[in-house]
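For the sequence shown, this note's numbering gives the first residue as 86, with consecutive numbering after it. In this text, a Cβ means the ideal position worked out from N, Cα and C, and glycines have one as well. Model, not experiment: these values are computed from the prediction. To start, the structure itself, in structure tokens.
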Amino acid sequence: MDLGSISYVKDGAQRYVTGDITPFDQRNEMFKRPFWDPQMAFLQEQFYFARVAPRDKPGYTLTDQALVNAAWRLENEYGLGVRGGRMGLYAWDWNGRFSYPHVPEGLKINIEDVGLTTRRVKKAARLFGAAMVGVCKLDRRWIYSKSYNITPEGGKEEEINIPEDFKYAVAIAVEMDYEGINCSPALPASAATGTGYSRMVFTAGLLAQFIRGLGFDAIPCGNDTACSIPIAIDAGLGEIARNGLLITPGYGPRVRLAKVFTNLPLLPDRPIEFGVKDFCMICEKCAQKCPSQSIMSGPPSAEPHNISNRTGVNTWHINAETCLQYWARNGCDCSNCIRTCPFNKPPGLLHDGVRWGIKNTPLLNKLFLKGDIFFGYGLKGNPDKFWED
Ligand code: SF4
Ligand code: SF4
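Set out below in structure tokens:
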């Protein structure tokens, strides 16, 4: 991370808080509402259970559908973080033994040097696939009041009891494929998203097992159990943006987020700031290119659109109701708000220079935005070309 392009700030997600934060009930999350909210029940048929025939159109063929299906496999069979987690690699407990190598039971590492332990946990996270990893003290306001799990029998509420001695969260960002996301809203973008979800399962699940092997407890999560974005902000991974997503310094919004809660003492990172809010104020590319007009224009607001937004937070709330209805019409998910974002660029001298400029010379932001548009960044890629390399 280039230190000239970021600065450290005192508050993490707290800097967006304007009122009381009551823990969010996960049944109000948009993906859950079709299973209990009569007004959204039609999305069960139209989104969850619809059979989507392949089309004779680039990006929507059976080959593209097969890629999406394969990309999601690890999440769908070994994590299910989107539906509820607590299984497979997202299981909360351990079978109580090392399967390989075999070591005596009950061992614990020496934790006197918290900095060293933290560096090793981060190293393990990167080995297992994290593009970014940060640590924060666990702010329990971000844990859901209850989880709402999609089971074969329908929606099911479940209590969440994270033990009191779990005082830390390790926030993990995994990268999504640039070329795939550029094809949004066609299926290669959905495959990049699915691969991101499968990477989350792999990375968080293995990291939790590493921590357990050190003699401590760990709970790995995908989208389940707690809101990932405020935890990632607290852990210094990025800032919230107009598209409702976390923007990271190196990958922009082109990441997926997972987290591991633990009672292993760790050294928290400091939250960061790198000019996202100022840039979003002059840039509305994501709002203009959102096919369902679900992204706000103008300044952030504490006013929610509906029950799927949190209250007490001054931010750019997304209208998740209209967003998910578009996904149903599209026959798959959409990443236009990632594809079009000027922060979504691969690393490189020029792009790193612009990132530095956004942080240090915000008066030039309109110029940077004009350059982004002039050079055609964020335009939809050709889904056939995705297959050519
Ligand atoms: S995912 Fe697509 S439809 Fe939903 S907010 Fe983003 S751009 Fe709009
Ligand atoms: S597209 Fe522009 S307004 Fe939207 S999140 Fe990215 S920088 Fe902010």
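Check: residue i C-beta below 6 angstroms from any heavy atom of ligand 1
| i | result |
| --- | --- |
| S377 | yes |
| N154 | no |
| N421 | yes |
| Y462 | no |
| C312 | no |
| Y145 | no |
| C268 | no |
| C408 | yes |
| E229 | In the sequence as displayed, the identity of residue 229 is Tyr instead of Glu. The answer is no for Y229. |
| Y411 | yes |
Pairwise C-alpha distance: residue j and residue i
| i | j | result |
| --- | --- | --- |
| G461 | Q131 | 34 angstroms |
| T333 | P384 | 20 angstroms |
| L291 | A343 | 12 angstroms |
| C312 | Y229 | 7 angstroms |
| N154 | D262 | 16 angstroms |
| E388 | M381 | 11 angstroms |
| Q124 | D110 | 18 angstroms |
| L192 | T202 | 16 angstroms |
| Q150 | Q410 | 20 angstroms |
| A258 | V218 | 6 angstroms |
| L147 | Y133 | 18 angstroms |
| Q294 | W179 | 8 angstroms |
| N394 | Y185 | 44 angstroms |
| C306 | K252 | 15 angstroms |
| F183 | L174 | 15 angstroms |
| K241 | T103 | 31 angstroms |
| S386 | Y233 | 27 angstroms |
| K362 | W472 | 36 angstroms |
| D474 | F453 | 30 angstroms |
| G337 | R424 | 10 angstroms |
| K95 | I392 | 30 angstroms |
| M86 | D122 | With a pLDDT of only 49 at M86, under 50, the local geometry of the prediction cannot be trusted, and the value read off the model is given with reservation. The straight-line gap from Cα to Cα measures roughly 43 angstroms. |
| A156 | G279 | 5 angstroms |
| K455 | P427 | 10 angstroms |
| R205 | S283 | 23 angstroms |
| K430 | H187 | 44 angstroms |
| W412 | E114 | 15 angstroms |
| G477 | F120 | Because the chain in this structure spans residues 86 to 474, residue 477 falls outside the shown range and cannot be described. |
| K231 | I247 | 11 angstroms |
| E369 | D198 | 46 angstroms |
| N200 | F364 | According to the sequence as given, residue 200 is Gly; it is not Asn. In a straight line, the C-alpha of G200 is about 34 angstroms away from that of F364. |
| L352 | V345 | 14 angstroms |
| P108 | T396 | 10 angstroms |
Cross-strand partners of residue i (DSSP beta bridge)
| i | result |
| --- | --- |
| A303 | T347 |
| A254 | C221 and F346 |
| T400 | S386 |
| D110 | K231 |
| E324 | I332 |
| R341 | V259 |
| A311 | I228 |
| G239 | T236 |
| I357 | Y93 |
| E244 | K231 |
| V102 | V398 |
| I392 | In DSSP, I392 forms no bridge with anything. |
| I380 | I403 |
Cβ separation of residue i and residue j, assumed to be a contact under 8 angstroms, to the nearest whole Å
| i | j | result |
| --- | --- | --- |
| V286 | E160 | 5 angstroms |
| P376 | G144 | No, P376 and G144 are not in contact; Cβ-Cβ is about 14 angstroms, not under 8 angstroms. |
| D309 | G169 | 6 angstroms |
| C371 | R339 | C371 to R339, Cβ: 13 angstroms. No contact. |
| A274 | G265 | 6 angstroms |
| I235 | K117 | 7 angstroms |
| N348 | F301 | 5 angstroms |
| E324 | F359 | 7 angstroms |
| T288 | A215 | 5 angstroms |
| P315 | W401 | Not confirmed; about 15 angstroms, so no contact. |
| N421 | K374 | 5 angstroms |
| A98 | D319 | 6 angstroms |
| V398 | Y101 | 5 angstroms |
Residue i: CB within 6 angstroms of a non-hydrogen atom of ligand 2
| i | result |
| --- | --- |
| F478 | Nothing can be reported for residue 478, as the shown portion of the chain is limited to 86 through 474. |
| A326 | yes |
| P334 | no |
| K222 | no |
| C365 | yes |
| P427 | yes |
| K370 | yes |
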